[in-house]
Structure formats: structure tokens, C-alpha cells
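Since the structure comes first, as C-alpha cells, the remarks are kept for the end.
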Amino acid sequence: MTKKRYMVGNWKMNHKKEEIDAFFKGLEGVDRNLACEAWIAPQTLHIPLLLERAAKTGKVQIGAQNVCNQVSGAYTGETSPEALTDLGASFSIIGHSERRSIYGETDKLLNEKTKLSLATGLTVIFCVGESLEERESEKTIDVVKGQIVEGLKGLSEAQMDKLLIAYEPVWAIGTGKVATPEQAQEVHAFIRLQMAEMFGAKGRAVPILYGGSVKPDNFAELLDCPDIEGGLVGGASLKPKDYSKLCQIADEKSR
Ligand code: PEP
324 MTKKRYMVGN WKMNHKKEEI DAFFKGLEGV DRNLACEAWI APQTLHIPLL
374 LERAAKTGKV QIGAQNVCNQ VSGAYTGETS PEALTDLGAS FSIIGHSERR
424 SIYGETDKLL NEKTKLSLAT GLTVIFCVGE SLEERESEKT IDVVKGQIVE
474 GLKGLSEAQM DKLLIAYEPV WAIGTGKVAT PEQAQEVHAF IRLQMAEMFG
524 AKGRAVPILY GGSVKPDNFA ELLDCPDIEG GLVGGASLKP KDYSKLCQIA
574 DEKSR
């Protein structure tokens, strides 16, 4: 049985206006005929511009890389999930390893952000993943389990319809060192079981994306794994040719 695949670009803090224009001009075949999902999370500041450009493709959905755990009020410098849905953004990444490690975001904070985002109508891509040290000391499964149990605590089965998990081993993010399909599949299979244990059949059906040095030349074999439904892609998603190629691969695997 074929299943819908996801190609999600995380642009991090990259691109200026001119590069954004060039990106959309350079896309090939990223249009409403794609059978996969094609999403991009730019810098928050660029979301309105991307929404306008993406509308012309008839396909690409735009989301945020992070949100506040509050709807409104005295939270200087933060972005309300409600403001994002109001603009037309459809999802947010939550718990990216850079948010966890550089900005010290805790499981408790990420749980609040996830709950609020879902309540506000955003789809959430919840990121988990172990460091190199944790992998080498065989703690991968314990770490990922803890991030899921704490980060998704208190969610309902019904909310699973708006949730995706991204497994991103920290040692593979931006390093050029992709996990092997076997390494990724092993953790994805565990995540599937954990989600089923916590949220039943709805939890089992949550799409699980892999992230960490995904490129056009390694994406297809990752998507061939039974528990990998897509990619959360940083560096390669900035280039229109690579983004287009990654979408084409996800499209082929969705048919
Ligand atoms: C990411 O930003 O989530 C990521 C996986 O980056 P890269 O694809 O560059 O490793």
C-alpha cells in the first residue's frame, strides 16, 4: 500500500528576499500535481512573503520553526501561534534540537508549545533525537522515549490527526553524516510503537519524518523504510533544484 510522503524544508535563519525570489523561480514541478506534501518553514519574518509566493505554486504549505507557549500578551520577541494561523501558516516545528540545545527549551516548555499550537489549529512537527554521546552510550531509545513521553504528555487521541514526529539524530543534523536507513528505521519503529502505546491506533498512524543530512541522493532509500514517511530537511531545502528533486522523490513514493 502506498502512503502519502512529506517533504518539509527547514530554512533555519537563512535567505534574504532576493534569494527567496530566486528559489521560487528555480522550482521545477513543485505544483498541485504532486502527490506528496511539500512544506517550508522559513524565518518567522518571511512567513507572509512565503505565503504569497507559495500560493502561486498551488502546493507548498508554509509554517514556523518555533512558537511561543502563550497566545498573547507581554512576551517581547515571541511569536503567537494564533498570529500564525491568522496569517495562514499551517504548521510549526517544535523541539528542534537547535531550540533544545542553544535556547535551553525543556520538555515541559515544548509540551506547552505543542498543546497550545494544536489548540490554535496549527499542525505540529514534534522533533526528537539523541546526541552522538547518547548514541555511543546506547541511550538512543531511552532519550527518544523520554522526549516523546514528556513532550506529548496530556494530548488526546483526536489531536494525533494534526501531529507529525521528526526523528533527527543530533549528530546527523548539518554534518553531512546521514543515519543509515537501518539506523533510522530502528528508531522510527520504536517511535511507532511508543505512539501506539500512548495514543492507540491514532498514535500509530502519526507520520514520522527523518531529518539529518537528507539529500536528493539518499532520500529515496530512507523513504523505502516501512516507518519513514518523509523528510525534515535543512541545507538541501534551501536550493530550488534540490528542493524540487526531493519533492519529486517524495511524490514518486506517494503513488
Ligand atoms: C534540520 O534542520 O532539521 C536538518 C535536518 O538539517 P540538515 O538537513 O541540514 O541536516
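By this note's numbering, the letter at position 138 of the sequence shown is numbered 461, and the numbering carries on one by one without gaps. No residue lacks a Cβ here, since even glycine has one placed at the ideal position from N, Cα and C.
Express the C-alpha separation of residue 348 and residue 362 in angstroms, rounding to a whole number.
Locating residue 362 in the sequence shown gives position 39, counting from the first residue. Locating residue 348 in the sequence shown gives position 25, counting from the first residue. Each residue's Cα considered, the two are about 17 Å apart.
Please list the terminal residues of the continuous alpha helix (DSSP H) segment that includes residue 403.
What you label residue 403 is simply residue 80 of the sequence shown in a count that begins at 1. Run containing residue 403: none; DSSP gives neither H nor E here.
For the alpha helix (DSSP H) containing residue 570, list its first residue and its last residue.
Residue 570 sits at position 247 when you count from the first residue of the sequence shown. Taken as a continuous stretch (DSSP letters only), the alpha helix (DSSP H) holding residue 570 covers 563-576.
Report the three-state DSSP secondary structure of residue 342 (helix, strand or coil).
Here the question's residue 342 lines up with position 19 in the sequence shown. In this structure, residue 342 counts as helix in the three-state DSSP scheme.
For the ligand PEP, any of its heavy atoms closer than 8 Å to the Cβ of residue 491?
Walking along the sequence shown from the start, residue 491 turns up at place 168. True, at least one ligand heavy atom lies under 8 Å from that Cβ.
Using 9 Å as the threshold, is the C-beta distance between residue 577 and residue 325 below it?
As a first step, residue 577 must be located in the sequence shown, where it is residue number 254. As a first step, residue 325 must be located in the sequence shown, where it is residue number 2. Yes, the Cβ-Cβ distance between residue 577 and residue 325 is below 9 Å.
Taking the straight line between their C-alpha atoms, what separation do you get for residue 565 and residue 539?
On the sequence shown, position 242 is the one that residue 565 refers to. On the sequence shown, position 216 is the one that residue 539 refers to. Roughly 6 Å between the two C-alpha positions.
Run through the region 408-470 for me and flag every whole alpha helix (DSSP H) of 4 or more residues, listed as ranges in chain order.
420-425, 430-443 and 455-459
May I ask you to report which of helix, strand or coil DSSP gives residue 357?
Residue mapping note: residue 357 aligns to position 34 of the sequence shown, counting from 1. Note: residue 357 maps to coil in three-state DSSP.
Under the three-state DSSP convention, the category residue 364 falls into:
Here the question's residue 364 lines up with position 41 in the sequence shown. Here residue 364 sits in strand by DSSP.
Between the region 502-514 and the region 479-490, do three or more beta carbon pairs fall short of 8 Å?
yes
Do residue 449 and residue 483 count as a contact pair if the criterion is CB distance below 9 Å?
Counted from its first residue, the sequence shown places residue 483 at position 160. Counted from its first residue, the sequence shown places residue 449 at position 126. Cβ distance not < 9 Å, so residue 483 and residue 449 don't count as in contact.
Excluding the 5 residues preceding and the 5 following residue 572 in the sequence, name in chain order all residues of the same chain whose CB lies nearer than 6 Å to its CB.
Translated into positions along the sequence shown, residue 572 becomes position 249. These residues qualify, in order along the chain: 542 and 543.
Start and end of the beta strand (DSSP E) containing residue 331?
Translated into positions along the sequence shown, residue 331 becomes position 8. 329-333 is the span of the beta strand (DSSP E), which, as asked, contains residue 331.
Exposed or buried, which one is residue 460 when buried takes at least 16 other CB atoms within 10 Å?
If you number the sequence shown from 1, residue 460 lands on position 137. The residue in question, residue 460, is exposed, as its Cβ has fewer than 16 Cβ neighbours within 10 Å.
Among residues of its own chain, excluding the 5 on either side of residue 422, which ones have a beta-carbon nearer than 7 Å to its beta-carbon?
Looking up residue 422 in the sequence shown gives position 99. These residues qualify, in order along the chain: 389 and 428.
Which residues mark the beginning and the end of the beta strand (DSSP E) in which residue 388 is found?
One-based indexing of the sequence shown puts residue 388 at position 65. That residue, residue 388, is in no beta strand (DSSP E); it is neither H nor E in DSSP.
In the DSSP assignment, find the alpha helix (DSSP H) that holds residue 512 and state where it starts and stops.
Along the sequence shown, one-based indexing puts residue 512 at 189. Start and end: 504-527.
Residue 407 versus residue 364 - alpha carbon distance:
As a first step, residue 407 is located in the sequence shown; it is residue number 84 there, counting from the start. As a first step, residue 364 is located in the sequence shown; it is residue number 41 there, counting from the start. In a straight line, the C-alpha of residue 407 is about 12 Å away from that of residue 364.
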